[in-house]
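Notes for the one structure printed next.
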Amino acid sequence: MATWVAAIGAAGVPLADGVHQLFRRHDPSWLPYPPGAPTCWASPDGSRRLTSWAPEGESPTARATTERMVVCSGRPRPRLGRWTSGRSVVDEIAHAVTRADAVTELAGHYTIASLGADDGFAMADPFAFETLYTATDGPLTVVGNRSRAVAEVMAAHRGTPARRDPELAAFVAWAGIPIGTRTGFCDVAFVPQGQVMHFPAHRARVEAPARHYLAAVPGSEPTLREATEEMVAAVRFAIDSTPVPPVLDLTGGKDTRLLLAVTMQAGLLPDVRVITRGLIENDDTRVAAEIVDRFDLTTTLPPLEPRALGLVDRIRAHAERTDGLSSAFDTSHASPDRRLAIASHAGEIMRGDAIADDDPRDLDEALAQFAWNPFGRGDFVVPDLARQFEQEDRDRFLAGLDFTDDVSELHELYEACNRNRWISSRPLAGPPRVYAAIPHVGVRYAWSRGRAFRSTEPVHVPLISAASRDLLDHRLTKGHWNTRPVPRIAAAKPSAPAPAGGELFTHRGDDWGSAVTEILDENPDSPAFDVIDQERVRAAATGFARLGLNERRQLLGAATAVVWMNETEGLSRAEWPA
19 MATWVAAIGA AGVPLADGVH QLFRRHDPSW LPYPPGAPTC WASPDGSRRL
69 TSWAPEGESP TARATTERMV VCSGRPRPRL GRWTSGRSVV DEIAHAVTRA
119 DAVTELAGHY TIASLGADDG FAMADPFAFE TLYTATDGPL TVVGNRSRAV
169 AEVMAAHRGT PARRDPELAA FVAWAGIPIG TRTGFCDVAF VPQGQVMHFP
219 AHRARVEAPA RHYLAAVPGS EPTLREATEE MVAAVRFAID STPVPPVLDL
269 TGGKDTRLLL AVTMQAGLLP DVRVITRGLI ENDDTRVAAE IVDRFDLTTT
319 LPPLEPRALG LVDRIRAHAE RTDGLSSAFD TSHASPDRRL AIASHAGEIM
369 RGDAIADDDP RDLDEALAQF AWNPFGRGDF VVPDLARQFE QEDRDRFLAG
419 LDFTDDVSEL HELYEACNRN RWISSRPLAG PPRVYAAIPH VGVRYAWSRG
469 RAFRSTEPVH VPLISAASRD LLDHRLTKGH WNTRPVPRIA AAKPSAPAPA
519 GGELFTHRGD DWGSAVTEIL DENPDSPAFD VIDQERVRAA ATGFARLGLN
569 ERRQLLGAAT AVVWMNETEG LSRAEWPA
């Protein structure tokens, strides 16, 4: 995936020499891969620069002329089809994005920037699968698709080193996931989901959408047929995008089951490899293995090679890959397999699982339903910061109240406040090639007629049923279909067959606990311990195998935070072979 960064200063005022030099580097330190030749552009007066670095051997994802440069990252595609002109993706994007509102027919996950001498814009896909980061200093605005790149450009402008944010480190230990706009670097922030940055000649500005992306568009109500067509188009596009069959990573839940059903119904199953991953005693793994066996979904995937890195180095590599933004819990489920993965990110939006069954009667009840989360269970953050984070969570919810005056529509508000919490850093956290196949139009369809309609799971149930009633009726790892009884997996854990074509994670809880302890011992005076309770982290690491999933996420978030504040993260280039 391309890494790009832009600096936009005052017209007629050249950027600092250090900034110009940094933009011309062939292989800057923030790249997680060996790059090919960068694509560079600068305005005639030297006040604006944009550079993109693509992995060595991959097609460039940027196009520069004298007047303008356009760059995209991720995997954008036409909403209901394929590129048909024979042009490269970046040429298609350059042709389509003469202005920011011309990309409304794009789907997939992406960031796009278009910069000229006196205009330009930058945006991410509506779900924020790919993320924009920004920093400002007086008239200078820096924007890019990696926080480290933005931080280094701003540091070059100021002539001082980039500073890491200890509160973000504590936040990862408290929640395990990013919430709000804070990043691992001071003064660098997420660009909020759905916002577009504009770069006119006078000064950069941010434009928020008139309505949240879940809101119905007057006169344009999506249909189930449109949702189905877009999902099939997404799977076909994934198949066309890679010379080897893409991977559908099956779990015991609803969203990957939906992708499996759509793939089966469209006759595309021979072109996709269905695999399962996980600890053999995990419920998800067992149910997924049952589905593989029941529907004869044999895979021809070769066995995966053992990891070259130990657990401590994997935590370091994760901290580097995500710029300290998320818990290394995610790396425990990562794989060195570099095949394109068809992912079900955003499937839970269509289901509304995070939403309470009943409409809140007033704001206090809404806060009780929506603003509570299982954060802080590990109690790893110093008390004053934990209270601050709890208040920030509440304030973020309250700040969204201008979305609606109707308490019954606070479900939309919940999604507007919370969607960016966990998904922002995942494209960097997992395998480098991830393709999100849940369609935007499917989400809008599920949300178009209100909560009662959405509670019937109007996309999942009919599409899975059309492919196979057996697939619909097969037991689920957790939860149930809202409209029909389905057995969920029993609490007992009988022996289960190994998942077909899958990968077993053999590291035990005490292995992970020892890795966390080794990181703590590395630097007893770590600045991370000003915000994280070292003794509580150490005690939890000793009993890692007894922790629940949330506590494990927060404990490995604390380990990530210590690595990040010690600046001992490892280069991720070694983790993911070419």
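Heads up: the sequence shown begins at 19 in the numbering used here, then just goes up one per residue.
Backbone N, C-alpha and C define an ideal beta-carbon position, used for all residues, glycine too.
CA-to-CA distance, residue j to residue i, given in whole angstroms
{"i": "residue 637", "j": "residue 38", "result": "With the chain running from 19 to 596 in the structure shown, residue 637 is simply not present."}
{"i": "residue 178", "j": "residue 253", "result": "46 Å"}
{"i": "residue 512", "j": "residue 366", "result": "In this predicted model, residue 512 has a pLDDT of only 46, less than 50, meaning its place in the structure is not dependable; the value taken from the coordinates is given anyway. Residue 512 and residue 366: Cα-Cα distance of roughly 29 Å."}
{"i": "residue 496", "j": "residue 507", "result": "7 Å"}
{"i": "residue 81", "j": "residue 547", "result": "46 Å"}
{"i": "residue 564", "j": "residue 272", "result": "27 Å"}
{"i": "residue 403", "j": "residue 188", "result": "8 Å"}
{"i": "residue 395", "j": "residue 181", "result": "29 Å"}
{"i": "residue 130", "j": "residue 58", "result": "15 Å"}
{"i": "residue 303", "j": "residue 576", "result": "27 Å"}
{"i": "residue 56", "j": "residue 50", "result": "14 Å"}
{"i": "residue 213", "j": "residue 162", "result": "14 Å"}
{"i": "residue 328", "j": "residue 164", "result": "26 Å"}
{"i": "residue 552", "j": "residue 578", "result": "13 Å"}
{"i": "residue 568", "j": "residue 32", "result": "49 Å"}
{"i": "residue 285", "j": "residue 486", "result": "13 Å"}
{"i": "residue 174", "j": "residue 288", "result": "51 Å"}
{"i": "residue 401", "j": "residue 270", "result": "37 Å"}
{"i": "residue 66", "j": "residue 199", "result": "25 Å"}
{"i": "residue 26", "j": "residue 111", "result": "21 Å"}
{"i": "residue 134", "j": "residue 41", "result": "16 Å"}
{"i": "residue 437", "j": "residue 472", "result": "Reliability fails at residue 437, whose pLDDT of 46 lies under 50, so the model's placement of it is uncertain and no value is given."}
{"i": "residue 29", "j": "residue 339", "result": "34 Å"}
{"i": "residue 530", "j": "residue 562", "result": "7 Å"}
{"i": "residue 91", "j": "residue 554", "result": "40 Å"}
Alpha helix (DSSP H) segment containing residue i, residue limits
{"i": "residue 394", "result": "Note, residue 394: premise wrong, no alpha helix (DSSP H); not H, not E."}
{"i": "residue 215", "result": "Looking at the DSSP string, residue 215 is not in any alpha helix (DSSP H); the run it does join, the beta strand (DSSP E), is 214–216."}
{"i": "residue 188", "result": "184–193"}
{"i": "residue 504", "result": "Per DSSP, residue 504 belongs to no alpha helix (DSSP H) and is neither H nor E."}
{"i": "residue 559", "result": "552–560"}
{"i": "residue 257", "result": "242–258"}
{"i": "residue 337", "result": "329–339"}
{"i": "residue 482", "result": "478–485"}
Residues bridged to residue i [DSSP beta-bridge criterion]
{"i": "residue 53", "result": "73"}
{"i": "residue 141", "result": "130"}
{"i": "residue 58", "result": "69"}
{"i": "residue 224", "result": "215"}
{"i": "residue 305", "result": "According to DSSP, which records beta bridges pairwise, residue 305 is partnered with nothing at all."}
{"i": "residue 494", "result": "506"}
{"i": "residue 154", "result": "159"}
{"i": "residue 203", "result": "182"}
{"i": "residue 262", "result": "None; residue 262 has no bridge partner."}
{"i": "residue 208", "result": "151"}
Beta-carbon spacing of residue i, residue j below 8 Å
{"i": "residue 345", "j": "residue 571", "result": "yes"}
{"i": "residue 248", "j": "residue 97", "result": "yes"}
{"i": "residue 368", "j": "residue 478", "result": "yes"}
{"i": "residue 266", "j": "residue 250", "result": "no"}
{"i": "residue 581", "j": "residue 550", "result": "no"}
{"i": "residue 60", "j": "residue 20", "result": "no"}
{"i": "residue 336", "j": "residue 144", "result": "no"}
{"i": "residue 360", "j": "residue 455", "result": "yes"}
{"i": "residue 358", "j": "residue 264", "result": "yes"}
{"i": "residue 8", "j": "residue 534", "result": "Shown here, the chain extends from 19 to 596; a query on residue 8 therefore has no answer."}
{"i": "residue 208", "j": "residue 159", "result": "no"}
{"i": "residue 245", "j": "residue 460", "result": "yes"}
{"i": "residue 24", "j": "residue 153", "result": "no"}
{"i": "residue 74", "j": "residue 94", "result": "no"}
{"i": "residue 490", "j": "residue 483", "result": "yes"}
{"i": "residue 501", "j": "residue 475", "result": "yes"}
Opening and closing residue of the beta strand (DSSP E) in which residue i lies
{"i": "residue 365", "result": "First-last for residue 365: 365–369, but that is the alpha helix (DSSP H), not the beta strand (DSSP E)."}
{"i": "residue 91", "result": "86–96"}
{"i": "residue 82", "result": "80–82"}
{"i": "residue 22", "result": "21–26"}
{"i": "residue 162", "result": "158–162"}
{"i": "residue 265", "result": "265–267"}
{"i": "residue 291", "result": "291–293"}
{"i": "residue 361", "result": "359–361"}
Cβ of residue i within 8 Å of any chain C Cβ
{"i": "residue 505", "result": "Note that chain C does not occur in the displayed structure, where there is just one protein chain."}
Item checked: Three CB pairs or more closer than 8 Å across the segment 184–194 and the segment 165–173 -> no
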